[in-house]
């Protein structure tokens, strides 16, 4: 990490000391039609995540991990139940209001980095800030700070094709947190990386989560990564179940 970074560690506290979770899925259900059959993906699922807490979502393919993340991130509507962001119900919000929350409060990291190939690492991290209204100079300074914190100080002018897979994914992480969200949702963020690179990227992500007090859910098949997180949950018969 860059020792000159201005990102600070949060004051020591436990997540449960807060009055309410930053993210709370209450009684969430989601069904899909497959021919004449109805598939119950989520059935009155419950999940609460507090600020500064990391949760590993470990479940087989098809169990509903991505569906849960999409609902938590307000990308998809639940058929029933409620998603609370910092205690505020979101199910009856307009699309504009939900989009505003996604831009301000939620960061997303996917298995594929989805960086814009024609832009540099610095520019990829600047763009979401400028879309939100930040000036170019301030966005550039913030992007450089984040990328340096993630060990990419020497890669700022490089385009995605000039970087390794691990470097590209770290740029994607920086982009996800560029607008200082309160929630980070990651769907198999190291799924396309080799074991050693995965561990490095996840360690970097862990440092960032602790430094910025993010409430974080990471869907992963990697049990070693899951074991390093504060909590582990799975989806069983449509329910979110804690793994002890």
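Residue numbers (this note's numbering): 469 to 712.
Where is the CB? At the ideal position from N, CA and C, for every residue including glycine.
These numbers were taken from a predicted model, which means no experiment stands behind them.
Could you give the DSSP three-state label for residue i: helix, strand or coil?
i: residue 676; result: helix
i: residue 534; result: helix
i: residue 574; result: strand
i: residue 488; result: coil
Using 7 Å as the cut-off, classify the Cβ of residue i as near or not near the heavy atoms of the ligand FAD, replying yes or no.
i: residue 675; result: Annotation note on the ligand FAD: not contained in the displayed structure, which lists no ligands.
Express the C-alpha separation of residue j and residue i in angstroms, rounding to a whole number.
i: residue 586; j: residue 623; result: 15 Å
i: residue 706; j: residue 488; result: 24 Å
i: residue 672; j: residue 618; result: 6 Å
i: residue 599; j: residue 625; result: 20 Å
i: residue 581; j: residue 535; result: 19 Å
i: residue 482; j: residue 501; result: Per-residue confidence for residue 482 stands at a pLDDT of 41, beneath the threshold of 50, marking its modelled position as unreliable; the derived number appears in the next sentence. Approximately 41 Å, taken between the alpha carbons.
i: residue 677; j: residue 563; result: 28 Å
i: residue 601; j: residue 506; result: 43 Å
i: residue 592; j: residue 504; result: 44 Å
i: residue 583; j: residue 574; result: 18 Å
i: residue 572; j: residue 647; result: 6 Å
i: residue 490; j: residue 555; result: 7 Å
i: residue 590; j: residue 508; result: 42 Å
i: residue 699; j: residue 711; result: 8 Å
i: residue 514; j: residue 667; result: 29 Å
i: residue 472; j: residue 609; result: Residue placement at residue 472 is poorly supported in this model, since its pLDDT is 37, which falls under 50; the coordinates are not used for a value here.
i: residue 539; j: residue 695; result: 25 Å
Which residues mark the beginning and the end of the alpha helix (DSSP H) in which residue i is found?
i: residue 508; result: No alpha helix (DSSP H) contains residue 508, which is instead part of the beta strand (DSSP E) from 505 to 517.
i: residue 702; result: Careful: residue 702 lies outside any alpha helix (DSSP H), inside the beta strand (DSSP E) at 699 to 704.
i: residue 711; result: Premise fails: residue 711 is in no alpha helix (DSSP H) and is neither H nor E.
i: residue 593; result: 589 to 600
i: residue 493; result: Unbroken run through residue 493 is the beta strand (DSSP E), 491 to 502; no alpha helix (DSSP H).
If I'm right that residue i touches residue j with Cβ under 8 Å, what's the distance once you round it to whole angstroms?
i: residue 533; j: residue 687; result: 4 Å
i: residue 579; j: residue 528; result: Wrong, their Cβ atoms sit about 16 Å apart, outside the cutoff.
i: residue 663; j: residue 637; result: Not confirmed; about 14 Å, so no contact.
i: residue 614; j: residue 577; result: The Cβ separation is near 13 Å, so there is no contact.
i: residue 551; j: residue 701; result: Contact flag wrong, Cβ pair sits at about 16 Å.
Can you name the start and end residues of the beta strand (DSSP E) that residue i belongs to?
i: residue 691; result: From DSSP, residue 691 is part of no beta strand (DSSP E) but of the alpha helix (DSSP H) over 691 to 694.
i: residue 526; result: Element bounds for residue 526: n/a, residue is neither H nor E.
| message | At 4 residues or longer, what runs of the alpha helix (DSSP H) sit wholly inside the region 603 to 686? | response | 604 to 617, 633 to 644, 663 to 680
**Asked** Hey, which unbroken runs of the beta strand (DSSP E) at 3 residues or more fall wholly within the region 545 to 570?
**Response** 548 to 553
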